[in-house]
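Chains as they are written, first to last, in my numbering: chain A, 894 to 1205; chain B, 4 to 291.
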């Protein structure tokens, strides 16, 4: 019996040097494979994020003489130029609430409408809705700017057919932001349609058959079966669109390059101007961190709110 | 009794399907027209001589179509071909690096065991929540003060890998059976050989989706290129097209000829690889 006593088996001592060699033999390929992307990640994401956070607490001077200034940049971020950033926050929230709601509803409806069609028709409509999404936001904005033209634009021409007066779509401060919202709503929510229709396609058919036997109509089936079963996709799409709408920039900047007063300023156009035109690194960083905090808070809230339900 | 039931059921079905089909197709066709009209208008305006673009009523169908705007574009916007070349150079370089780097690390995160793997992966993934605008300040400072302005590398380098690509490749490679790699090793493949001969070929669907989306994303990218590519000859198509608006303010024919040429490669690309695009979106590959 004694010869099987584990404690008495002589263990060969491993030196530190051998241990290091062993460690590298075991791990080196893993490290080698992640190294290139981790270098890019470290240099262009991780390090700049931390640096930006530091800059947001500094009076940053590119040519030397940088000093710490506590929360000054955050105070300035909100108060500079007659509180324009506060207006930008409100505008962005307004844009986000309207476009996210509209996009989600339209995507759900379009995806539901193409669901009963045959495979080829489904593919056709998905592709048709997706086409504008492969075009640069800059070009989409150039097109809409022309369609919104007060004198020769297509939209005012349409209105004139109904006898309506010309609308100053992009030059009236009370209308401009709504026009930008309109241009977003009128472009089909491509990703939403594709994701929703994929999710709807994977709902088990026998659930619908069971509901039909109990006398449920199409609307009832949609409300009680389709919607609950695609909830995780809905969550994903809502978060995706919310983030994208809070980061809205190209559309606004290209459609109304110098803004219509403050009425079309958004968070990112402010950050852009603060950095690119004013070279104010500290305040630009502070405003970018504010954007991050807003997006993080909303995402967490959306996850909590939309997730907590029963899993099917 | 049974026959009657079938009969009744068949009739209600037929009625309800006509009841639903007409408004359904109508709704689909109308929304498609609304959604595609701006794209149509882009090409119509590009083909309409500028003097005909500013009249009421506008030509809904380009009856006076000519390529005059395109001729003027190339003679008056003299850097347009530079923009196109820059766009191609930047987008292709980024896509090649992106696919290589993301696939390699996606494989390592999915299959390789190394010290600190999970911590590193979650660290990388957690930055997905951070908007890219946070990194603008330090990167802009570096570009401004180390002579990288107007240098294509300032746009290319930050784009050589992405958290999203790493995540996508990891998720895909995780589903590949590990036995294949082991079989490869037994047959004498090196670690590199396992990646190159087994993992990479099997990952083609994910690599295709990643390549397509990277290409579209950087072809259309505006914010960062517009900050660092200042001189006209160094700019990309989106930056250049946006600048046409200020340079040729009301010459809509010319602006739109430039815009339509910039949009055309992506549209053709999409029509050719449409299936992979839609498949890629389903893999969770792009917002937009």
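From the three backbone atoms N, C-alpha and C, an ideal C-beta is built for every residue, glycine too. As the structure is a computational prediction, the values presented were derived from the model and not from experiment.
What in chain B is Cβ-close to residue 920 (chain A), meaning under 7 Å? Within the first chain, residue 920 (chain A) is the residue found at index 27, counting from 1. Under the 7 Å cutoff, chain B gives 117, 118.
Evaluate residue 189 (chain B) with the Cβ neighbour count: other Cβ atoms within 10 Å of its Cβ, from every protein chain shown; 16 or more gives buried, anything less gives exposed. In the second chain, the residue the question calls residue 189 (chain B) occupies position 186. Residue 189 (chain B) is exposed by the Cβ-count criterion.
Residue from A:1176, A:1058, A:1023, A:1059 whose Cα sits closest to the Cα of residue 966 (chain A): In the first chain, counting from the first residue as 1, residue 966 (chain A) sits at position 73. Minimum Cα distance to residue 966 (chain A) is reached at A:1176.
Comparing C-alpha positions only, which one of A:932, A:1005, A:946 sits nearest to residue 1119 (chain A)? The sequence position of residue 1119 (chain A) within the first chain is 226, counting from 1. Considering only alpha carbons, the answer is A:1005.
Under 8 Å between beta-carbons, which chain A residues line up against residue 285 (chain B)? List them in chain order, please. Here residue 285 (chain B) refers to the residue found at position 282 of the second chain. Simply 1087, 1088, 1091.
Where in the region 918-1006 of chain A do unbroken runs of the alpha helix (DSSP H), each at least 4 residues long, occur, reported from the N-terminal end onward? Fully enclosed alpha helix (DSSP H) runs of 4 or longer: 940-948.
Consult DSSP for residue 1045 (chain A) and reduce its assignment to one of helix, strand or coil. As a first step, residue 1045 (chain A) must be located in the first chain, where it is residue number 152. In this structure, residue 1045 (chain A) counts as coil in the three-state DSSP scheme.
If I'm right that residue 229 (chain B) touches residue 242 (chain B) with Cβ under 8 Å, what's the distance once you round it to whole angstroms? Indexing the second chain from 1 puts residue 229 (chain B) at position 226. Indexing the second chain from 1 puts residue 242 (chain B) at position 239. Residue 229 (chain B) to residue 242 (chain B), Cβ: 5 Å. Contact.
Below 9 Å on C-beta distance, what does residue 147 (chain B) contact in chain A? Numbered from 1 along the second chain, position 144 holds the residue referred to as residue 147 (chain B). Here the neighbours are 955, 1172.
Chain B beta carbons: is any one of them nearer than 8 Å to that of residue 934 (chain A)? Here the question's residue 934 (chain A) lines up with position 41 in the first chain. It does; some Cβ of chain B falls within 8 Å.
Just reading off the alpha helix (DSSP H) that residue 261 (chain B) is part of, what are its end residues? Within the second chain, residue 261 (chain B) is the residue found at index 258, counting from 1. Element bounds for residue 261 (chain B): 255-285.
Compute the Euclidean distance between the alpha carbons of residue 930 (chain A) and residue 137 (chain B), then round it to the nearest angstrom. Taking the first chain and counting its residues from 1, the one referred to as residue 930 (chain A) is at position 37. Taking the second chain and counting its residues from 1, the one referred to as residue 137 (chain B) is at position 134. Each residue's Cα considered, the two are about 20 Å apart.
Residues in the region 218-235 of chain B having any Cβ partner in chain A nearer than 9 Å: 219, 222, 223, 224, 225, 226, 229, 230
Along chain A, in chain order, which residues have C-beta atoms closer than 9 Å to that of residue 105 (chain B)? Taking the second chain and counting its residues from 1, the one referred to as residue 105 (chain B) is at position 102. Within chain A, the residues near residue 105 (chain B) are 930.
Check for me: the alpha helix (DSSP H) holding residue 140 (chain B) runs from which residue to which? Position 137 of the second chain holds residue 140 (chain B). Note, residue 140 (chain B): alpha helix (DSSP H), 139-148.
With a threshold of 7 Å, establish whether the CB of residue 1020 (chain A) neighbours any heavy atom of the ligand FMN. Ligands in the displayed structure: none, and consequently the ligand FMN is not present.
Which residue wins for smallest C-alpha separation from residue 179 (chain B), given the options B:145, B:115, B:221? Counted from its first residue, the second chain places residue 179 (chain B) at position 176. Ranking B:145, B:115, B:221 by Cα distance to residue 179 (chain B) puts B:115 first.
Test: residue 280 (chain B) CB closer than 8 Å to a CB of chain A: Residue numbering aside, residue 280 (chain B) sits at position 277 when the second chain is read from its first letter. Yes, residue 280 (chain B) lies at the interface with chain A (some Cβ there is under 8 Å from its Cβ).
Other residues of its chain near residue 1064 (chain A): CB distance less than 7 Å, five sequence neighbours each side excluded: Position 171 of the first chain holds residue 1064 (chain A). Same-chain partners within the cutoff: 1043, 1153.
Mind the definition here: the region 124-142 of chain B touches the region 61-72 of chain B only if three or more C-beta pairs lie below 8 Å; say whether that holds. no
Residue 112 (chain B) versus chain A: which residues are under 8 Å apart at the beta carbon? Here residue 112 (chain B) corresponds to residue number 109 of the second chain, with the count starting at 1. At a C-beta separation below 8 Å, residue 112 (chain B) has these neighbours in chain A: 927.
Do three or more CB pairs link the region 248-259 of chain B to the region 100-120 of chain B at distances below 8 Å? no
Find the residues of chain A that neighbour residue 194 (chain B), judging by a C-beta separation of less than 8 Å, and give them in chain order. Locating residue 194 (chain B) in the second chain gives position 191, counting from the first residue. In chain order: 922.
Uninterrupted alpha helix (DSSP H) stretches inside the region 1042-1088 of chain A (no shorter than 4 residues): 1047-1054, 1069-1078
By alpha-carbon positions, which one of A:1123, A:1109, A:970, A:1113 ends up nearest to residue 1085 (chain A)? Sequence index remark: in the first chain, residue 1085 (chain A) carries index 192 (1-based). Put simply, of A:1123, A:1109, A:970, A:1113 the residue whose alpha carbon is nearest the alpha carbon of residue 1085 (chain A) is A:1123.
Rounded to the nearest angstrom, what separates residue 995 (chain A) and residue 1078 (chain A) at their Cα positions? Position 102 of the first chain, counted from the first residue, corresponds to residue 995 (chain A). Position 185 of the first chain, counted from the first residue, corresponds to residue 1078 (chain A). Residue 995 (chain A) and residue 1078 (chain A) have their C-alpha atoms some 6 Å from each other.
Considering Cα atoms alone, identify which of B:103, B:123, B:95, B:191 is closest to residue 156 (chain B). Stepping through the second chain from its first residue, residue 156 (chain B) is reached at position 153. Ranking B:103, B:123, B:95, B:191 by Cα distance to residue 156 (chain B) puts B:95 first.
I'd like to know whether the C-beta atoms of residue 1090 (chain A) and residue 1019 (chain A) end up nearer to each other than 8 Å. As a first step, residue 1090 (chain A) is located in the first chain; it is residue number 197 there, counting from the start. As a first step, residue 1019 (chain A) is located in the first chain; it is residue number 126 there, counting from the start. Yes; because the gap between Cβ atoms is below 8 Å, this pair is in contact.
Simplified DSSP state of residue 218 (chain B), which is helix, strand or coil: The sequence position of residue 218 (chain B) within the second chain is 215, counting from 1. It is helical.
In chain order, what residues of the region 30-43 of chain B put their CB closer than 8 Å to some CB of chain A? 30, 31, 34, 35, 37, 38, 39, 41, 42
Contact between the region 44-55 of chain B and the region 193-210 of chain B (3+ Cβ pairs under 8 Å): They do not touch, by the three-pair rule.
Below 8 Å on the Cβ atoms is my contact criterion, and I expect residue 1069 (chain A) with residue 1156 (chain A) to pass it. Report the Cβ-Cβ distance as a whole number of Å. Position 176 of the first chain holds residue 1069 (chain A). Position 263 of the first chain holds residue 1156 (chain A). With 8 Å as the limit, residue 1069 (chain A) and residue 1156 (chain A) qualify as a contact, their Cβ atoms being about 6 Å apart.
Spatially closest choice to residue 159 (chain B) from B:239, B:140, B:186, by CA coordinates: Position 156 of the second chain, counted from the first residue, corresponds to residue 159 (chain B). Distance check between residue 159 (chain B) and each of B:239, B:140, B:186 places B:239 closest, using alpha-carbon atoms only.
Less than 8 Å between the C-beta atoms of residue 164 (chain B) and residue 1017 (chain A), yes or no? Indexing the second chain from 1 puts residue 164 (chain B) at position 161. Indexing the first chain from 1 puts residue 1017 (chain A) at position 124. In this structure, residue 1017 (chain A) does not lie closer than 8 Å to residue 164 (chain B) by Cβ.
So, does the CB of residue 84 (chain B) fall closer than 8 Å to a CB anywhere in chain A? What you label residue 84 (chain B) is simply residue 81 of the second chain in a count that begins at 1. For residue 84 (chain B), the answer is no, since every Cβ of chain A falls outside 8 Å of its Cβ.
Along the region 1023-1041 of chain A, what residues have a CB closer than 9 Å to any CB found in chain B? Within the region 1023-1041 of chain A, those residues whose Cβ lies closer than 9 Å to any Cβ of chain B are, in chain order, 1023, 1024, 1025, 1026, 1027, 1028, 1029, 1030, 1031, 1032, 1033, 1034, 1035, 1036, 1037, 1038, 1039, 1040.
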